[in-house]
Each structure stands twice: as structure tokens, then as C-alpha cells.
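This report refers to the structure that appears directly beneath it.
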Amino acid sequence: MQGFLGNRSVKRGLTVAAMVVLVALVLFLAYQKNFGPKAFAQWTIDGIRGGSIYGLVGLGFVVIFSVTGVINFAQGEFVMLGAMFCATFYALDVPLPPPLKLVVAIILTVIIVTLVGVIFERATISPARARGAHIVTLIIITIGFTITVRAIALLLWGSRAKIVPAFTNLQQTDVIFRPLGLTLSAQSLWIWGTVAVVLAALYYFFERTMMGKAFRACAINPRAAELMGINPSRMSLLSFALAAAVGAVGGIVFGAATRPQYDMGLVFGLKGFVAAIMAGMVNPLGAVLGGLILGVAENVGAGVTGLYGYRDLIAFVILILILLFRPQGIIGGGERGVEQT
Amino acid sequence: MVGEEGWSRYANIMGLGVFIAIIVVFGLIETIEPFGLRFRDLTGGMITFDTLIRIGILTIVVVGLNLLMGYAGQISLGQAGYYGIGAYVSAILCTMAPRHHLLPGISDTWWWPWLVIVVAMLVTGGFAYLIGKPILRLRGMYLAMATLGLGVVMYTVFREGGGLTGGHDGISGIPRLSIGNFTFWPIERYYWLVWAVAIAVIIIGLNVINSRVGRGLRAIESSEVAASTMGVDTANYKVQIFVLSAMMASLAGSLYAHFQALVAPGPFGFVPSVELVCMAAVGGMASVWGAALGVTFFFLVKEVLRARMHQLLGVGGEYELIGYGIILILVMIFMPQGLSFGGAKALEWLRNLKVFRRAGDKETEPRAEQAV
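These protein sequences, in sequence, are chains A and B. Per this note's numbering, residue 1 is the first one in the first sequence, and the count goes up by one each step. Per this note's numbering, residue 342 is the first one in the second sequence, and the count goes up by one each step.
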């Protein structure tokens, strides 16, 4: 497609030039403020940690969008619910050994949040679609759901932060490793491991099971899929269930690395959305990669400039630049639904 | 004979008359205080006069958003950002310029704040043009996403702007508006000003709908491909509406700044943007009247829920948002065209009653004017 800035080679040249300028700027700032490779490595590690969760949220956005065309702004709330439910269940006074209690809490949490996603789809999205709702209407419904969930969370848990124990030692303060003088918490390893497991499981589901294949068919062409006997309504339900479950898992593992609060969903929702945009809204793996890149860019950008207040800005500047120059996404996105004039 | 178009014009003029009458009555009650009654006594103390002014200010924003959503089929999730630009430009130029003696002889006159309002609108409009021009060529929800990003960027700049925007504390000491020696303050006077502007904006909105651009946009709504084949410059019309809606938001922001006399980042973030979209959607997306209705409905629900929830649960805070969210979902499922559409349906029903029917005015009759 023809962008608004001339042809492809001009665009490519400009992109490379912009990249070179950006890298030069970062290196110059680093030189001026005496940041060595160690600082960069540390920022990268921290960035990948948060970025993994952005990636999981972005994956949820992609899964729902590709089947239903809905941008689910409630995606971040699943992360919040995951962290909050897990903290609540773990804090219950039941006669179980702590590790077992944590496992039970995690399983219960994932089931409950998945149910929330299922109920949300059945109670609001599905009836609205049956009435032939416009896509704008559906998006506003997800916004209404976000508002409701946040208010209920405030009512249930108050505005105080909760505690999910670190998985390794079940304490509030985590085990810290110091490889090569860097700081690496054990929970980071849990987070990366979980992301890897989730991705592997999803890969298996989409590629090897009948239901996963039906789901993909529905994403590619809902009408044709319906003619082949696939029920699109069921696939829509499945997409919300999957997105909720993935979000909850992200919330649980990340909850142990932060202090979860009722209003944490907004940030994750927005950043996950940016990650999904980076993948053109259609590539689940790309969304995860996008999340990681976003996390690193954020941390390096804030670290090198020292402007921590402007951290959130980086994600949204990336968002606007992508939409302006490459709306089909930068990581394995598609041309689908982009072009018009 | 009253044709379809004629009827809608007639209904709009009627509506405008009734609307202005309501505004005037409310204003007079507060100004004259008949039998010592003030406005808040009429509502059991739940809705104050202050709220009416806020409704007026946000109506201006939502009229623009309504045109954008209902006629151009685009959502802006960053409208509070434009609202913020208006507020901050007014706040900065009206406090800093006189203090630092910039433009002596101009920045300390009574018309300086009015000039700033216009400047703010132009700045905001230019900004919206730059972002809207390339992005509105794309289909679907891309404008929503870009404006979301832009909104958050603007909010961050307001919050972190240091000496210029005053950070979290914001800017205080913004002067009141005045013409010569006549100051639009106390609050009753400002009420008249805000609602005069709001009604002017509503009239502009009604005119836009019936203009060439409005007709073009309606054609886009039914079929974008067909419209562009007929020579309607779809992308360009959308950009024009987008810029107009941003300028309306900026105007409202300036009025807010002079009302509050204090501007802090709070009302310009992502959540307020979302609330504005909700107001437009609940009121009715393809209707200028929906804007006033939506804003009023939201304020009423919010104020009443806040008061009632406080009594029921004995707690304050964000709890009223539960009701708020659920109402939003229900309206979107059962009345996706908004409350004003329900009102229009009722009007239609009334019109079809025999009493109001004129001889020869049949439903099947072709329209008198088919102007394109």
C-alpha cells in the first residue's frame, strides 16, 4: 500500500535514518552521563520482565480481535483480577502447606477469571452482536465493563495494595541473584518461564487440536468457517475465555513482582494494546515480541534520559508513529483491514 | 405542506426553543431567587448550580464528539486531551503573559483572554489536522487508537510539564472573563455565558449536519464506497469534522479554565476521555441533541448515585461507577443508538397520531426536496 509519505524505498530510507539518529542519541546520552553496558543490561532485564506481561495482554487483544473484530479494552482488567484474586486466596486462613496453598490459589484464580471472561462475553458482547451492533457499540460495551470491574474491585478490595508471595521462597521479599553484578529477582525467571509455557501451550492448541484449527479458520474467514460447520458464536466465546485466562496468568506471575492494586489494569491494558498494534492486531506471537520490545524501549528510554515521569510517553509515541507510518504493524503483521483510500 | 426535511427542521427549531426556555428558567431561578428559593433547593440539594455549568461546558465537547462518532463513524479516545490543550493554553497565556510583561499593552487588556481562546482553538485544530490527515485515510478503529495514544501523550505532558504547566498542582489564579468592566462572575453570570456558547455550538452542529459536509458524511455512513464513487471526498470530510470536534473541545477547555480558575491534569487523562465517549454514546451518536442529553444524564446518574451510595453503604469514592458502567452496557445493548433516538421514536409515534396528521401528508409520499 502507498503510505502518505511517498513510496516504499523512500520510506525505508527514512526509517533507517531515524533509527541511526535514535541510536546515536541514546549512545550520546549514555556517554554524557557515564552509563556503561552494565546499566544497559540492567534496563534490558527489567524491561523484559514488564514487557512479558504487556506481551501476554497484547496476545489477548489479538486473540479476541482476530475472531470478533472487537478491541477489548477490558483486557487489562483480567490482569488485575488475576493478581487480586490470587492474593486474596493465598491470604485465606486454610490448613494447607503454603506451597500447595499457592498452587490451589493460582488454579482457582485462573478458573474464576476465565469464568468472568465467559460471563462477560455471554452477557454483553453476544446479545449485542445478535442484535447487529455496530463495532463502535461493542467497543463502548467493553469500556463499560472495564469501568464496572474496576469499581467492583475497589468495593471488594479497597484501594490498598495486596501481596502475592514470590514463588521461590513464598516471602514478600524475593530471592535476588547477582550474575555479573546485575540484579535479577527469581520472580523474573518465573515470569519468563510462564510466558514460554503459555506460548507453547497456545501453539499446541492452535496447531494440533481440532478446536484450535477451527478457531484459526474463524479468524481468517468467519463466513467460510461457518459454512464448514464451525459455530462463530462458540469461537467468540472461546476467544474471550482464552484472553481472560492468559491475562489472569500474567497478573498472577507479575503480581508477585509488584504490589497489585485495583487500578493496575489500565496501564497493562493500554501497553498491551500498543504491543498488539505493533503486531498489526493479527499476529499473537508478534504481540508478545512487541510487548518485550516495548518494555525494553521504555526502560532504556527512561533510564538514559533520567525522565522517569515521561516513561509512559514512549509507548504512546511508538503507537502514533506506527499508525502514521506502518499501520499494518512492524512485526509480522498483515495488510488486513488497513487499507482504504 | 410539511415534508420530511421540513418536519425535521421544524422539530429542531421547536427543540431549540424548548431547550433555551429550560436554560433560561433555571438561570432565572438562581439569579432572582423567587421566594428565597435557589436552584439546589429544587433538587433536594443533590444537583447544584455548579453542576449545570459543568454540564454546559461538557455539552460543547460532546457535540463535537457526537458529530465525529455519529456522522464520521470514528471514535476519538483522546478528546479530553484537546479539552486540556484549550484549558492549559488559556491558563498559561492568561497568567504568565501579564506576570512576565510579555506583549505589554495587549496581555493586560480585557480582551486578551478572549484572543487566547481563539488562539487555543487554532492551535488545537492544527494539531488535530496534522494527526487526522494521514490517519483518517485508514479504515476502522485506527483513529480511535491514534487519538488514545495522543490523549495519553498530552496528559503526560500536562502532568510532567514542570514550570510551564505546574505539574500535579497545575496553574491557579486564572482571571475571570470580562467585557470592558463587566465581569462574567459571580457564578450566575458565568452560567449565562457558558450556555450561550453551548447553544451557539449546538446550532453550529445542527447546521453542519444539514450542510454539504453533513450530507456527504451521511452518505459515507450508509456506504463509503458508494459515496466515494459519487465524488464525495470521504477522507477530507472526516478530517474536517475531526478538526471541528477538536476545536470545540478546546473552546470548552478554555471556558473550564476561566470557570475553575485552576487547571490541574486530573480532568484531562484517559479516563475522562472515555467518559466523554460514553456521554456521546448514551445520549445518541447521530444527534446533536444527544450531546446535551447524554451529558445531563451522566451527571444526574453520577450525582444521584453518589448521594444514594453514600447513604446505602456509608462510603464515598468511586463506587458510583458500578452503576455507571452497568447503565452504559445496558444502554448500548438495548438502545445502541442512544437515548435521544428513543426520544425521536416517541416523537415519530406522536406525529403519526391522527390528530397531528395533515391531509395529504402521507408516509409514502416522495420527498419534496432531494437536494444533493
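Ideal Cβ positions, reconstructed from N, Cα and C, are used throughout, including at glycine.
Looking at the DSSP output, B/Ser-519 shares a beta bridge with B/Thr-524. For A/Phe-177, the beta-bridge partners assigned by DSSP are A/Leu-184. Shown here, B/Ser-513 sits in a strand according to DSSP, grouped into three states.
Judged by their CB atoms, B/Leu-547 and B/Val-629 are nearer to each other than the 8 Å cut-off. Separation of B/Trp-453 and A/Gly-47 (C-alpha to C-alpha, rounded to the nearest whole angstrom) is 48 Å. Checking the DSSP bridge columns, you'll see B/Val-604 partnered with B/Ile-512. Assigned with DSSP and collapsed to three states, A/Lys-213 falls in helix. At least 8 Å separates the beta-carbon of A/Phe-177 from that of A/Ala-166. By the C-beta criterion, the segment 636-645 of chain B is judged to be in contact with the segment 392-409 of chain B, since at least 3 inter-stretch pairs fall below 8 Å. Membership of B/Lys-474 in the alpha helix (DSSP H) is indicated by the continuous run 453-476. Judged by pairs of C-beta atoms under 8 Å, the segment 500-514 of chain B touches the segment 596-610 of chain B, as three or more such pairs exist.
Taking a Cβ-Cβ cut-off of 7 Å, the neighbours of B/Gly-490 in chain A comprise Phe-316, Leu-319 and Ile-320, given in sequence order.
Within 7 Å of the CB of A/Arg-326, no CB atom of chain B is found; the nearest one sits about 11 Å away.
Judged by DSSP secondary structure, B/Ile-670 falls within the alpha helix (DSSP H) whose first and last residues are 662-675. Note on the segment 376-419 of chain B: whole alpha helix (DSSP H) runs with a minimum of 4 residues are 380-383 and 390-407, in chain order. A/Gly-51 and A/Pro-179 have their C-alpha atoms some 21 Å from each other. Restricted to the segment 11-59 of chain A, not a single alpha helix (DSSP H) segment is unbroken, complete and at least 4 residues in length. Taking 8 Å as the threshold, the shortest C-beta distance from B/Gly-666 to chain A falls below it. Per DSSP, the continuous alpha helix (DSSP H) segment holding A/Phe-268 begins and ends at 265-278. Between the beta-carbon of B/Ser-595 and that of B/Ser-431 there is about 4 Å, and that keeps the pair under the 8 Å contact cut.
Counting only residues of its own chain and dropping the five nearest sequence neighbours on each side, B/Ile-354 has no CB closer than 8 Å to any other CB. About 5 Å separates the CB atoms of A/Thr-146 and A/Phe-73; that is less than 8 Å, so the two are in contact. Scanning B/Met-410, B/Leu-378, B/Gly-358 and B/Val-365 for the CA closest to the CA of B/Gly-555 turns up B/Met-410. Taking the CA atoms as reference points, A/Thr-183 sits about 7 Å from A/Gln-42. The Cβ of B/Pro-475 sits closer than 8 Å to at least one Cβ of chain A.
Taking all protein chains shown into account, A/Asn-299 has 16 or more neighbouring C-beta atoms within 10 Å of its C-beta and is therefore buried. Counting every other CB atom within 10 Å of its CB across the protein chains shown gives B/Ile-668 a total of 16 or more, marking it as buried. Close CB contacts of B/Ala-598 within its chain, under the 6 Å cut and outside five residues either way in sequence, are with Ala-428, Ser-431, Ala-432, Ile-515 and Val-604 (chain order).
Residue-level contact check: A/Pro-222 does not touch chain B, since none of the beta carbons of chain B fall below 8 Å from its beta carbon.
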